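J.:
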Amino acid sequence: MEKERFSLLLLEPGEYYFEDYSVYLSCDHNDLYKKDLSNELIGRLKICSKSLVFDPRNVSKPLIKIPLKECTDIKKINKRLFSESYEILLIECNLYIEMLSRNILEPYSFKYDKKLFYILFNYARVDDSIPYINQLRRASSLPVAEQNQMIAAIAYDRQCRMKFDIMWLESFDEKIIMETIGSKITPLVVNPGKIILSNLNLYFQPFNNIEPGLEIYCEESNSISHLYLSLKSSEARDGLYDTILKQPELHLFDSKQEIMTLQWQNGTISNFEYLLYVNSMADRTFNDLTQYPVFPWIISDYSSPTLDLSNSSSFRDLTKPIGALNPERLTRLKSRFSEMASPKFLYGSHYSTPGFVLFYLVRKYPHYMLCLQNGRFDHPDRMFNSVSDTWKNVLTNMSDFKELVPEFYDTSCRGEFLKNLYGVNFGCKYDGSKVNDVQLPPWGETPEDFVHKLRTALESNYVSSHLHEWIDLIFGYKQRGDEALKADNKFYYLCYEGAIDLDSIKDWNQRHAVEVQIMEFGQIPRQVFKQPHPARICLTLELENRFARSVENTDDFVNNDTNYHIEHYWKWDIIQSEASFCFQSHKEEITDIAVSHDSSIMFSVSRDGLFKMFDIIDFKQERSLSFSRTALTSIILLEDNDTAIIGCWDSSILVYNIECGSIIDKVVIHEDAVNCLGWCKKTKRLISASFDCSIRVWKANIPWNTLKLSSSLLAQLHHDTKIPCLTICSNEKLMASGSENGVIYIWSLKTYKIAFRLNGHEKQVTDMKFSYRAERLISCSQDHSFRVFDLSTGSQVYYKYLDQEIKFWSSESHRCSVLEVVGFEVSKSADIVNLKFDEIVSEVIEGASSVVIEDNSSIVVIELVKKWLAKVHIKIHSILWDDCHVVLGGNLGTLFVWNLVKNTLINQIQAHAGGVTTISYSKDGSVIITGGRDGKIYIWTTFNYNI
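Here the sequence shown is numbered in the numbering used here, starting from 1339 and rising by one per residue.
1. Within the present structure, is the beta-carbon of Ser-1521 separated from the nearest heavy atom of the ligand MG by less than 6 Å?
2. Would you list the residues sitting across from Ile-2277 in a DSSP beta bridge?
3. Buried or exposed for His-1806, please, with buried defined as at least 16 other CB atoms from any protein chain shown within 10 angstroms of its CB.
4. What number of angstroms, rounded off, separates the C-alpha of Tyr-1640 from the C-alpha of Tyr-1800?
5. Smallest Cα separation from Gly-2228: which of Lys-2240, Leu-1454 and Gly-2253?
6. If you check the beta carbons only, do Ala-2112 and Leu-2072 fall under 7 Å apart?
7. Label Leu-1443 either buried or exposed according to how many other C-beta atoms from any shown protein chain fall within 10 Å of its C-beta, with 16 as the threshold for buried.
8. By the three-class DSSP mapping on this structure, what secondary structure does Gln-1959 have?
9. When the Cα of Trp-1729 is compared with those of Ser-1771, Lys-2240, Ile-1636 and Leu-1590, which residue comes out closest?
10. For Ser-1737, collect the residues of the same chain with a Cβ closer than 7 Å to its Cβ; drop the 5 residues on either side in sequence, then sort them by chain order.
11. So what does Gly-2228 bridge to, in DSSP terms?
12. According to the Cβ coordinates, are Phe-1459 and Tyr-1355 closer than 7 Å?
13. For the pair the stretch 1752 to 1762 and the stretch 1802 to 1817, tell me if three or more CB-CB distances fall below 8 Å.
14. Since Phe-1448 contacts Ile-1435 with CB under 8 Å, what's their CB separation in whole angstroms?
15. Based on Cα-Cα distance, which residue from Pro-1718, Ala-1969 and Gly-1753 lies nearest to Asn-1763?
16. Can you tell which of Thr-1968, Gln-1497, His-1924 and Ser-1942 has the C-alpha that lies nearest to the C-alpha of Asp-2353?
17. Among Thr-1628, Thr-2255 and Gln-1601, which residue has its Cα nearest to the Cα of Ile-1523?
18. Can you tell me whether Leu-2129 is buried or exposed, with buried defined as 16 or more other CB within 10 angstroms of its CB?
19. So, is Ser-2108 buried or exposed, given that buried needs 16 or more other C-beta atoms within 10 angstroms?
20. Using C-beta distances below 6 Å, list every residue in its chain close to Leu-1656, excluding the 5 sequence neighbours before and after it, in chain order.
21. What residue range is occupied by the uninterrupted alpha helix (DSSP H) comprising Ser-1478?
22. At the level of alpha carbons, what is the spacing between Ser-1771 and Gln-1595?
23. Would you kindly work out how many angstroms separate the C-alpha atoms of Lys-1414 and Gly-1577, rounded to a whole number?
24. Name the one or two DSSP bridge partners that Ala-2053 has.
25. As a quick exercise: from Phe-1675, Asp-1775, Glu-1741 and Leu-1832, pick the residue whose alpha carbon is nearest that of Ile-1812.
26. Look at Trp-2042 and Val-1993 and say whether their C-beta atoms are less than 7 Å apart.
27. Hey, Arg-2125 and Tyr-2110 are a contact pair by Cβ (cut 8 Å); roughly how many whole angstroms apart?
28. For Pro-1525, does the count of other Cβ atoms within 10 angstroms reach 16, so buried, or fall short, so exposed?
29. Please say whether Ser-1944 and Glu-1960 have beta carbons closer to each other than 7 Å?
30. Report yes or no: do three or more beta-carbon pairs, one from the stretch 1812 to 1825 and one from the stretch 1663 to 1676, lie closer than 8 Å?
31. Would you be able to state if there are at least three C-beta pairs under 8 Å between the stretch 2215 to 2223 and the stretch 2114 to 2121?
32. Mind checking which residues open and close the beta strand (DSSP E) that includes Ile-1996?
33. Once you ignore the five residues that flank Gln-2120 on each side, which residues in its own chain have a CB closer than 7 Å to its CB?
34. I need the DSSP call for Asn-1617, collapsed to helix, strand or coil.
35. What residue range is occupied by the uninterrupted beta strand (DSSP E) comprising Val-2254?
36. Near Pro-1351, what residues of its chain come up, given a Cβ to Cβ distance below 7 Å and the 5 sequence neighbours on each side ignored?
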């Protein structure tokens, strides 16, 4: 079967195509008698919402388009042919358009002549089509807005009458879940049809035959990776979206904003990939030229023979919008702005419009340009002829502020959009030269080389260091409001999402005028980020290669000016799932563990008031001392490797000399229990946090001298709640303290003032760690989550809620604690007092017949009829972080090992019977030590560790 030349791009943007018929067409009815010329006359007649299009079978002949608004008469006439009477459709018009003459893509030929067309239908009657054609003709005589409204009503009526044949389903097990009306959107084209969702596939059934009769979009083998659908209303859209998400066969890639931002920061995804992702989050799509993805100009040097990416002057200033790059032009724009009546704007044109997109891509998509510009190309001298000239124009022209499109950085396309591969005649410029390929800068040898060098520049450290600032302008907090004014980033008000409520405009002509204005001015992307976007960590993270290096050689690996040592990435991804040794050490919960600097000795404290010392090379206990009748909460080991400081519930600290085996100091330093301790070894400051809602900073000495409240107290910092945890960054400039209400406070250790607050957790913060360079903070909480915060912006860049699958089983009613149901030993039931069902179990997966959970003095009643599986929320008590791997200890005794760079769970190890309460590690990272509510201490090693 011959392929038709007709496409929806031959119509006006947004025009509908309804029907087609096999016909003979001629301008002389006598030709219809000549059967031997049938191949010259036969073709398909396309009935469209604003025109009739004849597509002849003979591909050397032009397609003929007859605009309905130019028709002066459409009627049926009867002619006698071959002794038979035939019905002929007669169309009289003042204008018709010839397209693709000789099958060559070129500007359309507009014929302003009164013309008669005689159309003979092969298999249909004129009466079947003429009422419909005349209805559309009447619509064409209306004002544009009313015309569009009438045509939309006609299209919707036809869609509603369309039926879906269940025989088209792919499988006997397939069931239809939902049917709705919608349109498939491709550049400049809206193709209406029916959307059918089954339990296995998503179908789109167009009501015309321009596309396959049915398209299936959920198969892995499908060549179409994205489907852009438009529905009648936001309610219909949301209904389809929610129903799709509920399908059990749906498996989506986890692309939450926090995850993708963290992966970009860590170097797992490239700048190019992240910009595509941010564009998609801002509703930018390759299927809609009015919302086409936006990419920045990166390079500012288009005249040098070579491109020097080591020179910062080769790059564009990404902190400024295009319109603010030239100070002289910006001064003139601001002067105009100050004299302008409201609504004021700096830039009268946008950085991305359909015309700007096709300005760059006309050689790749010439048919798009003909569609957009009513069958014409732009004037040759205004086309994209030279990269250098275009850059100069966006720097100096008072109405040119356009950014770039992704194709400039997409190496897979090999720069083909810069070449006139189709040999299209775009005309001749003023100097007589023919428009052909785009002129490249001297350093771009070929289009492929040019794009490759631009991509290299995009992924360079300079751009990586500043790309977040451009994201702030286009997608972030500098996009609108006062911040946009400060950044000289103010556009015409109709460019902004939500600037005007179209539904509130009752006059259809006024609404159409606004819609056209919005489309032609361009649209600001949807605002994705309300806070400053975090910067990228520019050090390329080739982690697997780093791990292969020995710790002894790590001092030689320094990131230029950041002193970023490789030794802070450990091999925790290969931790053994079986503990190397277990110390049954304490009678109650382990509260803290410290490891000597040579990784040979371990110290533990517990709620039983005992201090213990272990040889972790020979796996033996060396000391066990009762220091207090109340709980010991924390322990730190000073750099002399001989002094341990221990926090107590009796409001005091104990200072223990390890070599002498004696307590050398005991000082009451708070009004309530000392809950956690920190130490600044550079400045010799002890930091203590208490249940009295305060943090105190003490001046200390080594060798140890007794603390004196009058002279040793440097500062007292106040909280609104008890302080469950604190941590100090490696450069000792910042301290973080957690609270019972989920707020994290970042303190300056220079001024002892709050630098900023981090919000995100909903319940008590249980543990925190800074990244090595104090760029980020990771925290965990009783709200079942761990979160990563960027400290340069104070924004949350990642979060994850932890669940764990557990099995319950019983043949009759069973009374037990939750931990006993899971199969653990129980020493205390404090964790399950006053818990409700939805705080324990997040999802019943299978087989639950009856579950009743009640609180009865720390006992939970669970009535089960048969075995079932559930996902249980995990409270996270403790955390380790090496900037790549995260080790988390949960309240059900499980260790979770995550790779945050790849956002994957590497390992899940059942460690303790009861919660993991504390985690520590050896200096070389090869040993991890955990303490639990069960009073046990476990030693965990990596596979390459030799005991």
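No residue lacks a Cβ here, since even glycine has one placed at the ideal position from N, Cα and C. Nothing here was measured: the structure is a model prediction, and the numbers come from that model.
T.: Checking against the coordinates, here is how it stands:
1. In terms of ligand content, the structure shown is empty, and the ligand MG therefore cannot be addressed.
2. Walking along the sequence shown from the start, residue 2277 turns up at place 939. Under DSSP, Ile-2277 takes part in a beta bridge, and its partners are Phe-1919 and Ile-2267.
3. In the sequence shown, the residue the question calls residue 1806 occupies position 468. With 16 or more other Cβ atoms within 10 Å, it is buried.
4. As a first step, residue 1640 must be located in the sequence shown, where it is residue number 302. As a first step, residue 1800 must be located in the sequence shown, where it is residue number 462. Spanning the alpha carbons of Tyr-1640 and Tyr-1800 requires a straight line of approximately 18 Å.
5. To locate residue 2228, count along the sequence shown from 1; it is residue 890. The option with the nearest alpha carbon to Gly-2228 is Gly-2253.
6. Numbered from its first residue, the sequence shown carries residue 2112 at position 774. Numbered from its first residue, the sequence shown carries residue 2072 at position 734. For Ala-2112 and Leu-2072, yes; Cβs fall inside 7 Å.
7. Position 105 of the sequence shown, counted from the start, is the residue given in the question as residue 1443. Answer is exposed; the Cβ neighbour count stays below 16.
8. As a first step, residue 1959 must be located in the sequence shown, where it is residue number 621. In the structure shown, Gln-1959 sits in a strand (DSSP, three-state: E or B).
9. As a working mapping, residue 1729 is identified with position 391 in the sequence shown. Closest by C-alpha distance to Trp-1729, out of Ser-1771, Lys-2240, Ile-1636 and Leu-1590, is Ile-1636.
10. On the sequence shown, position 399 is the one that residue 1737 refers to. Listed in chain order, the non-local C-beta contacts of Ser-1737 below 7 Å within the same chain comprise Gly-1686 and Ser-1687, local neighbours out to five positions each way being set aside.
11. Taking the first residue of the sequence shown as position 1, residue 2228 is located at position 890. DSSP output for Gly-2228 lists Ile-2214 as bridge partner(s).
12. Sequence index remark: in the sequence shown, residue 1459 carries index 121 (1-based). Sequence index remark: in the sequence shown, residue 1355 carries index 17 (1-based). By the CB criterion at 7 Å, Phe-1459 and Tyr-1355 fall outside the cutoff.
13. A contact is defined here as three or more CB-CB pairs under 8 Å, and the stretch 1752 to 1762 fails this definition with respect to the stretch 1802 to 1817.
14. Numbered from its first residue, the sequence shown carries residue 1448 at position 110. Numbered from its first residue, the sequence shown carries residue 1435 at position 97. At roughly 6 Å, the Cβ-Cβ gap stays under 8 Å, so Phe-1448 and Ile-1435 are in contact.
15. Residue numbering aside, residue 1763 sits at position 425 when the sequence shown is read from its first letter. Its Cα nearest to that of Asn-1763, the residue Pro-1718 stands out among Pro-1718, Ala-1969 and Gly-1753.
16. The shown model of the chain, from 1339 to 2285, leaves out residue 2353, and the question about it has no answer.
17. As a working note, residue 1523 is residue 185 in the sequence shown. Put simply, of Thr-1628, Thr-2255 and Gln-1601 the residue whose alpha carbon is nearest the alpha carbon of Ile-1523 is Thr-1628.
18. As a working mapping, residue 2129 is identified with position 791 in the sequence shown. It counts as buried.
19. Position 770 of the sequence shown, counted from the start, is the residue given in the question as residue 2108. Going by the sequence as given, residue 2108 is Phe instead of Ser. Note on Phe-2108: 16 or more other CB atoms within 10 angstroms of its CB, so buried under the neighbour-count rule.
20. On the sequence shown, position 318 is the one that residue 1656 refers to. Cβ within range, chain order: His-1804, Glu-1807 and Trp-1808.
21. Position 140 of the sequence shown, counting from 1, holds the residue named residue 1478. Residues 1464 to 1478.
22. By one-based count along the sequence shown, residue 1771 stands at place 433. By one-based count along the sequence shown, residue 1595 stands at place 257. Looking at the two C-alpha atoms, the distance is approximately 49 Å.
23. Locating residue 1414 in the sequence shown gives position 76, counting from the first residue. Locating residue 1577 in the sequence shown gives position 239, counting from the first residue. Those two C-alpha atoms are separated by around 46 Å.
24. Within the sequence shown, the letter at position 715 stands for residue 2053. DSSP, once it has assigned bridges, lists Val-2035 as partnering Ala-2053.
25. Position 474 of the sequence shown holds residue 1812. Checking every option, the nearest Cα to that of Ile-1812 belongs to Glu-1741.
26. Translated into the one-based positions of the sequence shown, residue 2042 becomes position 704. Translated into the one-based positions of the sequence shown, residue 1993 becomes position 655. For the 7 Å CB-CB criterion, Trp-2042 and Val-1993 form a contact.
27. Indexing the sequence shown from 1 puts residue 2125 at position 787. Indexing the sequence shown from 1 puts residue 2110 at position 772. Between Arg-2125 and Tyr-2110, the beta carbon gap of about 18 Å keeps them out of contact (Cβ cut-off 8 Å).
28. As a working mapping, residue 1525 is identified with position 187 in the sequence shown. Here Pro-1525 is buried: its Cβ has 16 or more other Cβ atoms, across all protein chains shown, within 10 Å.
29. What you label residue 1960 is simply residue 622 of the sequence shown in a count that begins at 1. What you label residue 1944 is simply residue 606 of the sequence shown in a count that begins at 1. No.
30. The stretch 1812 to 1825 is not in contact with the stretch 1663 to 1676.
31. Enough Cβ pairs lie closer than 8 Å, so yes.
32. Translated into positions along the sequence shown, residue 1996 becomes position 658. First-last for Ile-1996: undefined, no H or E at that position.
33. Reading the sequence shown from its first residue, position 782 is the one you call residue 2120. Cβ neighbours of Gln-2120 beyond the five flanking positions: Lys-2101, Gln-2102, Thr-2104 and Lys-2213.
34. The count along the sequence shown starts at 1 and reaches residue 1617 at position 279. Residue state, collapsed to three classes: helix.
35. Numbered from its first residue, the sequence shown carries residue 2254 at position 916. For Val-2254, the uninterrupted beta strand (DSSP E) run begins and ends at 2254 to 2259, by DSSP.
36. The residue you call residue 1351 lines up with position 13 of the sequence shown. Contacts found: Leu-1526, Cys-1709 and Leu-1710.
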